[in-house]
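Notes follow once the structure below has been shown.
Chains as they are written, first to last, in our numbering: chain A, 1 to 205; chain B, 206 to 410; chain C, 411 to 615.
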């Protein structure tokens, strides 16, 4: 329970919302990539561009933390939240980059589920950011993210079991394993963002 | 050096002790799994159950942090400690789940040592939790956990060297590598818990 | 914006500088290892010794945090910075250890670039530590570390694509993948150190 001078700079909420909205774009680009005969080069270029804008959003938050006297919550939590959102994008971009670098045409069964989890998590995160202002109705957000992370985890393990079942040669297994691991890490990174939000709420309560 | 209102809610120590005691159970279940002709399905079910109780213990801590005015140490440290204990269980459960999903009957030489390290680390952690109250005699705990982590690390690397020596086909190597990595991550997670305890002690000193 | 009693114990800056200087040594030892017909056993021994001194430097920082009333910045940031520097050394030592344990004579193309990035990052970090005193001119340090980390990331992914291209058998791929992953993790750990420095600067600004 802390008392602060008010009003705190409220543009932080807008910046977090903006940062999270780029993640919605990124997850949608991943979904585009799974469409058969999609233009993978064009999607990869759009993903690079989205990652670039995510970086800029992150740096705008850091710069503002530096130049603002009163922040709506702890400076280090603002920093951690911005960095956490950035991590999600990095993993999603890495997955797209690897698909292109490794020359993968077909992704294993289960990838759609992973991407659906990412789309849903991105949507929920983007919707939750403006609620940081009131610190209300955030429970449902992190409970659902935790559920999605569990689901993603199960999907990922079952995909690994299939990859290791002998249907693919070893090098193909290694390539596909790398890609689905980045997707799994992106889902985990959404959970870390939700945990950061939970910690902020715990401190402010 | 901070001054606090007293008495702080002391049930936190009990909750951490409870959470750590579930890790002792989990490590013992891992040891059961290594016994030849053990009932792996039954053990996996007990492990799922233990993980579920670990989750509940974690959430009980978080709920209490939310509803308690004066906490025995920083809210975020309580949060980090609870999350750290939970991580250990997640990695141990993942190892058991993968053994079952990948249909592994035999684990590589060295797995026993990894599990022994986990049992010892779980025991030490469970014994250390009540000492958070006095913040005394914790040095020996984190020094020993660090020693165990080093030992686990060496064991893990030697196991990898053996896995890569040509005695197994590539897919079997990938499966076994995944399992022993989860055990290594569980050991690392015990070290992170010990580091968190050390940081708490540093702040309170 | 916080006000502190002065003077804070300034030996922390010296200790961080000492810790970072061991990383310069470690990165140079990695470079030695890449020289054809170098004495790999001797280099591995020197690396073990450097890791040992890095551990001691870390513990000296922790001990001093414990016994110092006024610290130049938050105790937990001192702790995090010390731990971050230690992580870099652990990954570099792991790479050397694996090269020896796996009996690798030749490392893949790109390893030189990874090691050059590590040498440059170590140098920059060692030069930045004394500037923590004034908190000035640190921007260029973390911007350059971020650039190096991006470069290292690209190098790493391109190396993976080559490893997976069919030029190596699966077990060799697994061994080399492990080694270049440790180098990538060491580069990432330098970035985490830079992020910690940035966060400290944000808080103190």
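Think of the CB as a built atom: it goes at the ideal place given N, C-alpha and C, for glycine as much as any other residue.
All values derive from a computational prediction rather than experimental measurement.
Output the boundary residues of the alpha helix (DSSP H) element that contains residue i.
i, result
"residue 206/A", "Since the first residue shown for chain A is 1 and the last is 205, residue 206/A is missing from the structure and cannot be characterised."
"residue 206/A", "The first residue shown for chain A is 1 and the last is 205, placing residue 206/A beyond what the model contains."
"residue 218/B", "216-238"
"residue 390/B", "375-409"
"residue 269/B", "245-272"
"residue 323/B", "316-333"
Just the chain C side, please: which residues come within less than 8 Å of residue i by C-beta, in chain order?
i, result
"residue 318/B", "Ordered by position in chain C, no residue passes the 8 Å Cβ test against residue 318/B, which lies about 16 Å from the chain."
"residue 175/A", "574"
Could you list which residues in chain B have their beta carbon closer than 7 Å to that of residue i, in chain order?
i, result
"residue 166/A", "376"
"residue 161/A", "306, 307"
If you drop the 5 nearest sequence neighbours on each side, which residues of the same chain put their C-beta closer than 8 Å to that of residue i?
i, result
"residue 402/B", "286, 333, 337, 343, 346, 347"
"residue 378/B", "368, 369"
"residue 609/C", "487"
"residue 311/B", "none"
"residue 382/B", "365, 368"
Assuming contact is defined by CB atoms lying nearer than 8 Å, are residue i and residue j in contact in what I supplied?
i, j, result
"residue 306/B", "residue 158/A", "yes"
"residue 73/A", "residue 181/A", "no"
"residue 99/A", "residue 33/A", "yes"
"residue 58/A", "residue 86/A", "yes"
"residue 450/C", "residue 518/C", "no"
"residue 574/C", "residue 175/A", "yes"
"residue 145/A", "residue 83/A", "no"
"residue 325/B", "residue 353/B", "yes"
"residue 527/C", "residue 562/C", "yes"
"residue 581/C", "residue 371/B", "yes"
"residue 259/B", "residue 234/B", "no"
"residue 302/B", "residue 236/B", "no"
"residue 293/B", "residue 284/B", "no"
Whose Cβ in chain A lies nearer than 7 Å to the Cβ of residue i?
i, result
"residue 303/B", "157"
"residue 609/C", "76, 79"
"residue 219/B", "None at all; the shortest Cβ gap to chain A is about 19 Å."
Can you list, in chain order, the residues of its chain with a C-beta nearer than 7 Å to that of residue i? Leave out the 5 residues immediately preceding and following it.
i, result
"residue 413/C", "For residue 413/C, the pLDDT reaches just 46, beneath the cut-off of 50, and the residue's location in the model is therefore unreliable, although a value from the coordinates is still provided. The answer is none, since no qualifying residue turns up."
"residue 406/B", "340, 343"
"residue 501/C", "592, 595, 596, 599"
"residue 265/B", "220"
"residue 427/C", "536, 539, 540"
"residue 206/B", "Confidence at residue 206/B is low in this model, with a pLDDT of 40, below 50, so its placement is unreliable and the value that follows should be read with caution. There are no such residues."
"residue 206/A", "A question about residue 206/A goes unanswered here, because the residues of chain A that appear run from 1 up to 205."
"residue 103/A", "none"
Taking 6 Å as the limit between beta carbons, can you name the residues of its chain near residue i, skipping five residues before and five after?
i, result
"residue 95/A", "179, 182, 183"
"residue 327/B", "228, 229, 232"
"residue 19/A", "57, 85"
"residue 253/B", "none"
"residue 21/A", "126"
"residue 63/A", "none"
What residues from chain B crowd round residue i, counting only those whose CB sits closer than 8 Å?
i, result
"residue 182/A", "Residues of chain B passing the Cβ test: none, with the nearest at roughly 16 Å."
Can you name the residues of chain A whose CB is closer than 9 Å to the CB of residue i?
i, result
"residue 393/B", "Under the 9 Å cutoff, chain A gives no residues; its nearest Cβ is about 16 Å from residue 393/B."
Using a beta-carbon distance below 8 Å, is residue i in contact with chain D?
i, result
"residue 383/B", "Any reference to chain D falls outside this structure, whose protein chains are A, B and C."
*Can you give me, in chain order, the residues of the segment 26-41 of chain A that have a beta carbon less than 7 Å from any beta carbon in chain B?*
none
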